[in-house]
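In what follows, a single structure is set out as structure tokens and then discussed.
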Amino acid sequence: MNVTTNTESQRLNFWEKLYLPEIAKGMAATLLTMFKPSMTREYPEERWEPLGSYRGRPVLVMEEEGERCVACGLCSRVCPALAIEVQADETLERDKERFPKLFEINMLRCIYCGFCEEVCPEEAIVMSKDYDIVFHTQEEALFGKDKLLVPVARLQERLEFLRQYK
Amino acid sequence: MPVLTIDGRKIETQPGKTIIEAALDNGISIPHFCWHPALSVAGNCRMCLVQVGSQKKNAEGQPETDGDGNPVIAWIPKLQIACATPVTDGMYVDTSGEKTTKATNAVMEFLLINHPLDCPICDEAGQCKLQEYAYRFSKGESRFDELKNHKDKRVQWGPEVMFDGERCISCSRCIRFAEEVAEQPVISFVQRGDHVTIETFEGTQFDSPYSMNVIELCPVGALTSIDFRFKARVWDMSFNDSICPGCSRGCNIQIGVRDNTILRLEPKTNPHVNQYWMCDAGRNTQYAWVNENRISGAWLRKGGTLQQSDWKESYSSFAASLKQFSGKDVMFILSGMATNEDAYLTQKLAAHIKSTNVVFIERNDASFGDTKLRSADRNANSNGMAALGIKSLAPTALASALQGVKAVVVVGDEIIRGNEEIASAVRSLAFVGALSFNHCQTTEAAHAVLATATYAESEGTFTNLNRRVQHFTPAIVTTENMRIMGMKMSRLDKFGAHNDRWTQGDKRDCKQSWRIVQGIANELGAGWLYKSSEDIFNEMALTLPAFKNMSYDMLDTYLGVALDKGHAPEPVGIIYESHTLKPN
Numbered sequence: 046m047n048v049t050t051n052t053e054s055q056r057l058n059f060w061e062k063l064y065l066p067e068i069a070k071g072m073a074a075t076l077l078t079m080f081k082p083s084m085t086r087e088y089p090e091e092r093w094e095p096l097g098s099y100r101g102r103p104v105l106v107m108e109e110e111g112e113r114c115v116a117c118g119l120c121s122r123v124c125p126a127l128a129i130e131v132q133a134d135e136t137l138e139r140d141k142e143r144f145p146k147l148f149e150i151n152m153l154r155c156i157y158c159g160f161c162e163e164v165c166p167e168e169a170i171v172m173s174k175d176y177d178i179v180f181h182t183q184e185e186a187l188f189g190k191d192k193l194l195v196p197v198a199r200l201q202e203r204l205e206f207l208r209q210y211k
Numbered sequence: 227m228p229v230l231t232i233d234g235r236k237i238e239t240q241p242g243k244t245i246i247e248a249a250l251d252n253g254i255s256i257p258h259f260c261w262h263p264a265l266s267v268a269g270n271c272r273m274c275l276v277q278v279g280s281q282k283k284n285a286e287g288q289p290e291t292d293g294d295g296n297p298v299i300a301w302i303p304k305l306q307i308a309c310a311t312p313v314t315d316g317m318y319v320d321t322s323g324e325k326t327t328k329a330t331n332a333v334m335e336f337l338l339i340n341h342p343l344d345c346p347i348c349d350e351a352g353q354c355k356l357q358e359y360a361y362r363f364s365k366g367e368s369r370f371d372e373l374k375n376h377k378d379k380r381v382q383w384g385p386e387v388m389f390d391g392e393r394c395i396s397c398s399r400c401i402r403f404a405e406e407v408a409e410q411p412v413i414s415f416v417q418r419g420d421h422v423t424i425e426t427f428e429g430t431q432f433d434s435p436y437s438m439n440v441i442e443l444c445p446v447g448a449l450t451s452i453d454f455r456f457k458a459r460v461w462d463m464s465f466n467d468s469i470c471p472g473c474s475r476g477c478n479i480q481i482g483v484r485d486n487t488i489l490r491l492e493p494k495t496n497p498h499v500n501q502y503w504m505c506d507a508g509r510n511t512q513y514a515w516v517n518e519n520r521i522s523g524a525w526l527r528k529g530g531t532l533q534q535s536d537w538k539e540s541y542s543s544f545a546a547s548l549k550q551f552s553g554k555d556v557m558f559i560l561s562g563m564a565t566n567e568d569a570y571l572t573q574k575l576a577a578h579i580k581s582t583n584v585v586f587i588e589r590n591d592a593s594f595g596d597t598k599l600r601s602a603d604r605n606a607n608s609n610g611m612a613a614l615g616i617k618s619l620a621p622t623a624l625a626s627a628l629q630g631v632k633a634v635v636v637v638g639d640e641i642i643r644g645n646e647e648i649a650s651a652v653r654s655l656a657f658v659g660a661l662s663f664n665h666c667q668t669t670e671a672a673h674a675v676l677a678t679a680t681y682a683e684s685e686g687t688f689t690n691l692n693r694r695v696q697h698f699t700p701a702i703v704t705t706e707n708m709r710i711m712g713m714k715m716s717r718l719d720k721f722g723a724h725n726d727r728w729t730q731g732d733k734r735d736c737k738q739s740w741r742i743v744q745g746i747a748n749e750l751g752a753g754w755l756y757k758s759s760e761d762i763f764n765e766m767a768l769t770l771p772a773f774k775n776m777s778y779d780m781l782d783t784y785l786g787v788a789l790d791k792g793h794a795p796e797p798v799g800i801i802y803e804s805h806t807l808k809p810n
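Next up, the structure:
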């Protein structure tokens, strides 16, 4: 046998049962919030700038004489989604004899786990602050060196963050 | 027969063997860098230090035992190197005790002092003996705070080998190889102590036809292949066992493949054929023609030009062409690289159309042969052909032989090779059917061109110059075979999706010659039902006395079996692998 206790009529007092004062209270709360600082922003005109700890799309660090990457392929090995393809080549011009002839990240596969950054012995691949990655076709999702290389100056915040945990 | 005890295990061995050899024969591996079964003992890496002793004797000269009846062992106070200590009867060896472990740790720490942390850009990484031992025997820490020594990097020793002085651990394997196996003693240690490095003598270079073997021999990445340098990381490649088709020696090889492209060939140990080595020519020339300039699909000449058609149509058109001629007017020319199975079935097709004119062309090159591995007979399977009763034909006799026939079927060979006389003889034939790998002069003149699989895409057997039948398996994916069919796979092959570049590669539309021959024969009403090379080989084993009792499983187990020896194959013996990619 079901005995219903604690019904609405038992819980609410007289004023609450009237409803109208409660509506006025709600309206007041809305009115007050209008003058408080806004919690939303008008993306994409107004963009959010993440902190250094944020894991956005992985990028390659570009120094003055070229990329830091030595094409060791460890990122490609550790990538759980097999998103990274690296093809090494030899150069005699620079100090580092090895460089990536091809470096591609399939951004449809990337899961932003940051393992590539963690495993990199050269601090050459780091997670950036880019979070809005869009493309129309599968081919566009293959980010080559042209899209991946980012000057080291723009990645300072992330590199400093990484050094804290070395 | 001396009996010694290694780690509590009693081992009977031959006198004159060293501890490391006796251990290896019994499946115990003692860590080592400089020792190699095919080279003299140098004893300079000190990695194989073990504790050696014998049972104590009491005052009466009786062997002493403790309370439990276990022998009391008197250990030699200093550790001994297992590679240079001969076994004696009643010897006790300890390879895993505290003292030995401590010594091994110390040697590893010492070797790693000046070894650069190059692993990420080193081609050896992944199959490096030093890396492997660093995991197994090193403490993982170095007390060396000072600057590491700098030596010359990127020194070219010869046309094929690049030397990196910093990575070298001075084991002298390459020096001994050059002296003892390649017989070109041009490399030597220079300087002393931690400045020691290896150089070629002034005015010489290490250009022996076997020079590239030092690349696998080197336990670290100090010696790298100029041909391969930085092409791929080893763990991205799959390695499938095969046989080098470069000459009649039939060296056992492994084919390193990534992206369905052969990146390198390397020797695989076979004590009966090539020991641990192969020649540079085999390594460097036997993969480019598999990767490049390949025919894909079936092509028929219509109105003067070759036009692609489907396989079924090609078979019936090919068969219809053959039907126009009487058997004696058709000549079958087999490639010296055709497998036993291909040759057997081609012969059977010839018999089906009542032609007895089946030949293969001799490819002799006296300048190629030597007393080591290279054989002047450049046909991989001439002995197999001979065993099947297929006659050889000198290239000089080809033109006149062609004039006596009206149609010719070429199975996997380029017969013209720039020879005008042969070319005009081929052009005057009523029908030329070519089963070819590459675009060549023969396919230009052919009326029907069917793409065949190369040795790297086929399963089959070659019979080498010592009449040893050896089995090989495909390493490359075609439309005919798939990587899941028993082929070894790299991680990329296993987990790649269809839209990944590395699983796509260049997947050619080609078939093994015997399959094409069967297709044509069935159009001629033969009604053959061979499903695999193995079916054909099993039939050969039943019908041909030379192949009696043989099977692919048997060939794999015994690393090849000599013709007529199917009833009594030679035992394999111990296979020593210095350092390989693990797991593979």
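If you read the protein sequences in the order shown, they are chains P and Z. Numbering-wise, this note's numbering puts 164 at position 119 of the first sequence, and it's gapless, one number per residue. Numbering-wise, this note's numbering puts 778 at position 552 of the second sequence, and it's gapless, one number per residue. Using N, Cα and C, we set each Cβ at its ideal position, and we do this for glycine too. Note that the structure is a prediction, hence the values are computed from the model and not measured.
Sub-8 Å separation of residue i and residue j beta-carbons
i	j	result
residue 571 (chain Z)	residue 743 (chain Z)	yes
residue 661 (chain Z)	residue 739 (chain Z)	yes
residue 447 (chain Z)	residue 349 (chain Z)	yes
residue 161 (chain P)	residue 124 (chain P)	yes
residue 474 (chain Z)	residue 601 (chain Z)	yes
residue 701 (chain Z)	residue 412 (chain Z)	no
residue 66 (chain P)	residue 174 (chain P)	no
residue 126 (chain P)	residue 456 (chain Z)	no
residue 684 (chain Z)	residue 463 (chain Z)	no
residue 663 (chain Z)	residue 521 (chain Z)	yes
Helix, strand or coil at residue i according to DSSP, with G and I counted as helix
i	result
residue 697 (chain Z)	strand
residue 333 (chain Z)	helix
residue 443 (chain Z)	helix
residue 466 (chain Z)	strand
residue 410 (chain Z)	coil
residue 525 (chain Z)	strand
residue 123 (chain P)	helix
residue 686 (chain Z)	strand
residue 312 (chain Z)	strand
residue 58 (chain P)	coil
residue 797 (chain Z)	coil
Chain P contact for residue i (CB, 8 Å cutoff)
i	result
residue 453 (chain Z)	no
residue 809 (chain Z)	no
residue 456 (chain Z)	yes
residue 445 (chain Z)	no
residue 393 (chain Z)	no
Alpha-carbon spacing of residue i relative to residue j, whole angstroms
i	j	result
residue 734 (chain Z)	residue 713 (chain Z)	17 Å
residue 353 (chain Z)	residue 805 (chain Z)	6 Å
residue 106 (chain P)	residue 114 (chain P)	8 Å
residue 342 (chain Z)	residue 369 (chain Z)	15 Å
residue 73 (chain P)	residue 82 (chain P)	16 Å
residue 692 (chain Z)	residue 421 (chain Z)	47 Å
residue 361 (chain Z)	residue 87 (chain P)	54 Å
residue 111 (chain P)	residue 388 (chain Z)	25 Å
Cut-off 8 Å between Cβ atoms - residues of its own chain near residue i, not counting five sequence neighbours on either side
i	result
residue 653 (chain Z)	671
residue 480 (chain Z)	465, 466, 467, 468, 491, 492, 493, 494
residue 59 (chain P)	none
residue 604 (chain Z)	472, 473, 474, 562, 589, 590, 591, 594
residue 507 (chain Z)	435, 472, 594, 600
Neighbour flag for residue i against chain Z, beta carbons, 8 Å
i	result
residue 133 (chain P)	yes
residue 115 (chain P)	yes
residue 127 (chain P)	yes
residue 189 (chain P)	no
residue 145 (chain P)	no
residue 166 (chain P)	yes
residue 118 (chain P)	yes
residue 122 (chain P)	yes
Own chain partners of residue i with C-beta closer than 7 Å, once the 5 adjacent residues on each side are dropped
i	result
residue 246 (chain Z)	256, 258, 261, 274, 308, 309
residue 251 (chain Z)	239, 800
Within chain B, partners of residue i - CB distance below 7 Å
i	result
residue 380 (chain Z)	No chain B appears in the structure shown, which is made up of the protein chains P and Z.
6 Å CB neighbourhood of residue i in its chain, flanking five on each side removed
i	result
residue 272 (chain Z)	333
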